[in-house]
Structure formats: C-alpha cells, structure tokens
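So the protein lines, in turn, are chains Z and E.
Residue numbers for the first sequence follow our numbering, so the first one is 21 and each next one is one higher.
Residue numbers for the second sequence follow our numbering, so the first one is 21 and each next one is one higher.
For each residue, glycine too, the CB sits at the ideal point set by N, CA and C.
These notes concern the structure reproduced below.
There are 2 protein chains.
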Amino acid sequence: MDARTLTAVTTRQTGQSDEPVSRQERKQRTRQAILDAALRLLRDRAFAGLSLREVTKEAGIVPTAFYRHFDAMDDLGIALVERAMRSLRTMIREARQNPATYDDAIRSSVHTLHTHVRANEAHFRFLTRERYGGTGPVQAAIATELRLFASELAIDLGRFDGLAKWSAEDLRMMADLIVTAMLGIVMELVDVRSPDPEADKEIAAKARKQLRLIVLGVAGWRSA
Amino acid sequence: MDARTLTAVTTRQTGQSDEPVSRQERKQRTRQAILDAALRLLRDRAFAGLSLREVTKEAGIVPTAFYRHFDAMDDLGIALVERAMRSLRTMIREARQNPATYDDAIRSSVHTLHTHVRANEAHFRFLTRERYGGTGPVQAAIATELRLFASELAIDLGRFDGLAKWSAEDLRMMADLIVTAMLGIVMELVDVRSPDPEADKEIAAKARKQLRLIVLGVAGWRSA
DNA sequence: CATTACAGTGAACATATGTGCACTAACAAG
DNA sequence: CTTGTTAGTGCACATATGTTCACTGTAATG
C-alpha cells in the first residue's frame with residue numbers, strides 16, 4: 021500500500037473520489053475525519069481512555085499522520101471543545117430569538133434544546149462528559165467557555181421583568197443554576213441507552229418544570 | 021527483596037510495624053491502601069486514564085497482588101463508588117437530623133455539605149467526576165446510587181409544608197434539581213485549585229441562594 | 001508441632017502505545 | 001517543465017501495560 025492511500029480517508033468520507041480538491045481542502049478534510057473518529061469513539065469511552073493510535077485507526081490514517089494536525093492528544097481535546105461549543109452557541113443563538121414572556125421562553129427554549137441535542141448528540145455528550153470528568157486542558161477549556169456562556173445568560177436574564185433590579189451576582193447565581201440544571205438534562209438525553217422517544221418527552225417535561233420552578237422563585241426573591 | 025516485604029504497605033500505613041494483626045485484618049489494610057492510592061491518583065487524573073500498574077505502584081505493592089483484591093480495574097471502580105457513597109450517606113444522615121423551617125434547613129444543610137466535602141474531598145471529587153465522565157460499570161453504579169438517593173430526598177421533601185400535596189413525579193423533579201445543583205456546588209468545592217477559604221464562603225453563599233430560589237418557587241407552584 | 005491456606009513476590013510474555021525517521025506521490029509555485 | 005512543499009506512508013524502537021505462572025514466608029488450623 022503506497023501513498024496513493026492518501027485519498028483513502030477523504031474518499032471514504034465524501035463518497036466520490038475524483039472531484040478536484042485543493043491541497044488545504046484535503047488537509048481540512050482529514051482533520052475533520054480525525055475529529056469525527058474521536059467523537060465516534062467517545063460515544064462509549066471517556067476522552068482520557070482514548071489513545072492516539074485508536075483515533076487514527078478509526079479515522080483511517082496512520083498514527084504518525086496525526087502529528088500533521090495536532091501536537092498531541094490534548095490539542096485534539098481542545099479542538100473538540102471548540103467544535104462542540106460551536107454547536108452550543110448555535111443553539112443558544114436560536115433560543116435567544118424567542119420573545120418575552122417567561123412561559124413562552126421556557127417552552128421554546130426547551131424545545132430548541134431538545135432538537136439541537138438530538139441533532140448533535142456527539143458534541144453535547146462530549147461537553148457534558150468532559151465538563152466534570154475530563155482533566156487538564158480539556159476540562160479547563162470547557163470550564164472557561166461555560167463560564168463565559170453563563171455570563172451572557174445572566175445578562176439575558178436581566179432583561180426580563182422582575183429581574184431588572186437584581187444584582188449582577190444574583191443574576192449570575194441564577195444563570196449558573198440554570199446552566200447546571202440544563203446540562204443535567206442534556207446528560208440524560210445523550211445517555212447511551214434508551215433511544216426511547218417516550219422517555220424524551222418525559223425528560224423535556226421535566227426540564228420545563230425545573231425551569232418553571234426556578235422562575236417562580238423570582239417572584240418571592242429578596243437578596244439576603 | 022523477598023516476601024518479607026509483605027509488611028511494606030501496612031507498616032508504611034500504620035507507622036508502627038509490630039502490633040499483632042490478624043490475617044484478614046492485613047488483607048483489609050492493603051485493600052484500603054489500594055483504594056487510597058487510587059483516590060490519590062484520581063486527584064488529577066480521571067479514572068479512565070488510570071492503569072493497574074500505576075495504582076499498585078502508588079499503593080506500594082506488586083502489580084499481580086492487585087488480583088488478590090479485585091478482578092479488574094472496573095471492580096476497583098465500583099468499590100470506590102461504594103466507599104464514596106458511604107461518605108455521601110453519612111453526610112445526608114447528619115443533614116437529615118435538622119429540623120423544620122425551610123430557612124434553617126437550607127442554612128444547616130449547606131453547612132454540613134461544606135464540612136463533609138472538605139473532610140472527604142477525594143470521595144466527593146471522585147463521585148462528581150465520574151458521575152458524568154466515567155463510563156461503564158462505574159458510571160452505572162453512581163447513577164443507580166444517585167437515583168436512589170434522589171428518591172429518598174423526594175420523600176423527605178414531601179414532609180415539608182406546601183409540598184405535602186405534590187405529586188410523586190413533581191417531588192422527584194424537584195429532588196433531581198436539588199441534587200444536580202448541589203453536585204455542581206460540590207464540583208466547584210473540590211476543583212483542584214484555589215484552596216482559598218474566601219472562595220469557599222462565596223460558593224457556600226451561592227449554594228444557599230440557589231436552594232432558596234428553588235424553595236421560593238414552591239409557593240407559586242401549580243403542576244402544569 | 002505439623003500442615004494447610006493464602007497474601008504477597010518476581011520473572012516473563014504478548015500486546016499496545018507514543019514518537020522519531022526516511023521516504024514518496026501529488027499539489028503549488030517558479 | 002522544473003523544483004520545492006507537504007500530507008501522508010511504513011518501519012523501527014523504547015516503554016508501558018495486563019496477565020500468567022511458579023514461588024515463599026507467615027498466619028491459621030488441626
């Protein structure tokens with residue numbers, strides 16, 4: 021097997037072998053293949069228990085080729101974080117377009133959450149798993165991104181009636197609670213088992229109730 | 021070095037070598053040494069990235085001796101879950117002794133939470149890390165135990181004023197929310213960095229506020 | 001005291017891993 | 001057309017890992 025096998029990955033991926041592709045286009049594609057391979061393996065393993073060779077084998081390339089794209093496994097990890105966070109941000113952007121009233125916001129937010137999670141299970145699974153489980157650069161990267169995300173949510177919350185006069189600290193507290201609760205919901209959704217559509221409805225209902233419970237607390241709030 | 025080194029672990033552990041110890045007592049001790057070694061390593065690694073040889077080296081025994089206590093690493097994992105859950109249950113038992121009013125319950129519960137977590141950081145770190153991060157038997161064991169724990173909490177909640185007439189499902193929903201939120205708090209506490217006592221106070225304050233926000237929601241609740 | 005059970009050792013092996021190196025075919029640039 | 005870049009290959013090697021096996025000293029048993 022000679023270097024013609026260079027095309028092995030990309031062709032397997034695109035399905036058609038001979039459309040002309042630029043050089044960096046090709047590089048991008050195998051890079052993507054590595055990411056996808058990793059995500060595929062991460063469905064039942066944790067990132068820490070993932071070897072370079074495994075990933076490259078799954079991606080259809082030779083181990084040493086890995087270094088053309090990443091310095092080490094940790095680099096792959098943070099690349100995955102970026103990619104997964106892009107999915108998260110896309111979801112948020114859509115959820116943010118929804119309007120004023122609490123009840124509508126909850127309903128539609130949970131709906132878009134459910135939709136996006138199901139559409140990008142691998143990304144969300146990676147995020148929720150490695151948020152706590154991961155160590156080193158990966159967890160750090162996720163923690164940073166989620167902190168940033170919670171800050172934005174806190175600002176969003178401040179625009180709602182009844183939250184306008186809350187302190188930044190209290191808003192942040194509430195945002196953190198929401199983020200943690202919803203990530204718990206995400207974890208239940210992407211848990212490997214039960215592709216049961218009935219269970220999905222129950223989980224979504226639970227998510228709505230939890231959000232509603234939190235929001236109801238706002239009415240009685242006075243910062244201690 | 022011959023088999024007299026059999027005493028290496030136990031002596032290093034107890035500090036005094038020649039108090040008479042029964043045979044199974046000795047076995048129990050090295051088993052404990054293995055658990056402790058694992059927990060020590062798990063401070064900065066995830067369980068998945070932990071090798072049998074590493075653990076035994078840290079424990080001060082030879083790799084093959086591991087099999088006298090566990091069939092495989094997974095067994096070690098579930099043993100760790102059991103041990104960690106014992107710490108959790110001990111904490112709960114203490115928290116449960118506290119009385120009626122919401123406000124007092126929150127205050128004292130967060131206090132005992134903080135105390136116990138600081139006293140058994142390794143256990144709680146392991147639980148929160150591997151709850152999501154872990155895969156296979158370990159995560160399954162934690163999930164089962166936490167489900168059970170949430171059920172008990174739901175029952176406890178039902179005894180409070182204003183919650184007496186809630187459906188079992190709603191109580192469970194609220195219990196899950198509390199468990200998830202508090203495990204998030206625990207994670208912040210055992211996060212490896214900042215042994216800052218000032219940060220501890222802020223985290224505790226945040227925990228109280230989150231619980232208060234949830235509890236306040238009860239007043240306005242009507243099951244959808 | 002004689003015998004058995006067994007928690008621990010140490011050597012050995014097959015396998016998996018990360019990484020360095022020389023090489024090559026194809027694209028890019030002149 | 002020639003020349004240089006480079007994403008990929010294939011080989012090689014040192015190291016780490018899980019697990020087997022025969023063993024040994026000591027506590028437990030009779």
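- Around the Cβ of Gln230 (chain E), a 10 Å sphere holds 16 or more other Cβ atoms; the residue is buried.
- Rounded to whole angstroms, the gap between the alpha carbons of Ala104 (chain Z) and Arg167 (chain Z) is 15 Å.
- Asp216 (chain E) sits in coil when the DSSP states are folded into three classes, being neither helix nor strand.
- Judged by pairs of C-beta atoms under 8 Å, the segment 144 to 163 of chain E touches the segment 64 to 79 of chain E, as three or more such pairs exist.
- Rounded to the nearest angstrom, the gap between the Cα atoms of Arg60 (chain E) and Gln48 (chain E) is 18 Å.
- Taking 8 Å as the upper bound for CB-CB distance, Ile162 (chain E) and Leu147 (chain E) are in contact here, some 6 Å apart.
- Ranking E:Gly240, E:Ala225, E:Leu236 by CA distance to the CA of Ser129 (chain E) puts E:Ala225 first.
- Val75 (chain E) sits close to Met93 (chain E), with the two beta carbons spaced by under 9 Å.
- Leu233 (chain E) has a beta carbon lying within less than 9 Å of a beta carbon in chain Z.
- Using a 10 angstroms sphere on the CB of Gly153 (chain E), the tally of other CB atoms reaches 16 or more, which defines it as buried.
- Interface residue (Cβ-Cβ distance to chain E less than 9 Å): Lys221 (chain Z) is not classified as such.
- Cβ neighbours of Asp196 (chain E) within its own chain (closer than 7 Å, five residues either side excluded): Ala170.
- One thing to note: Thr135 (chain E) has its Cβ no nearer than 9 Å to the Cβ of Asn118 (chain E).
- Contacts with chain Z at 9 Å (Cβ-Cβ) include Val238 (chain E).
- One thing to note: Ile198 (chain Z) has its Cβ no nearer than 9 Å to the Cβ of Leu233 (chain Z).
- Cβ neighbours of Val212 (chain E) within its own chain (closer than 7 Å, five residues either side excluded): Arg63, Asp64.
- Using a Cβ-Cβ cut-off of 7 Å, Asp64 (chain Z) is close to Thr155 of chain E, given in chain order.
- The DSSP-derived three-state label of Lys185 (chain E) is coil.
- Look at Gln117 (chain E) here: in three-state DSSP terms it is coil, with no helix or strand label.
- Within its own chain, the residues whose Cβ lies closer than 6 Å to the Cβ of Ser107 (chain Z), once the five positions on either side in sequence are excluded, are Asn140, His143, listed in chain order.
- Put simply, of E:Arg51, E:Thr110, E:Ile126, E:Ile112 the residue whose alpha carbon is nearest the alpha carbon of Asp95 (chain E) is E:Arg51.
- Distance check between Trp241 (chain Z) and each of Z:Val210, Z:Trp186, Z:Phe86, Z:Ala201 places Z:Trp186 closest, using alpha-carbon atoms only.
- Contact of Met105 (chain Z) with chain E is not assigned, every C-beta pair being separated by 9 Å or more.
- Contacts with chain Z at 9 Å (Cβ-Cβ) do not include Thr164 (chain E).
- In this structure, the beta-carbon distance from Asp181 (chain E) to Ser243 (chain E) does not fall below 9 Å.
- Among the residues of the segment 186 to 210 of chain E, those with a Cβ less than 8 Å away from any Cβ of chain Z are Asp190, Met193, Met194, Asp196, Leu197, Thr200, Ala201, Gly204, Met207, in the order of the chain.
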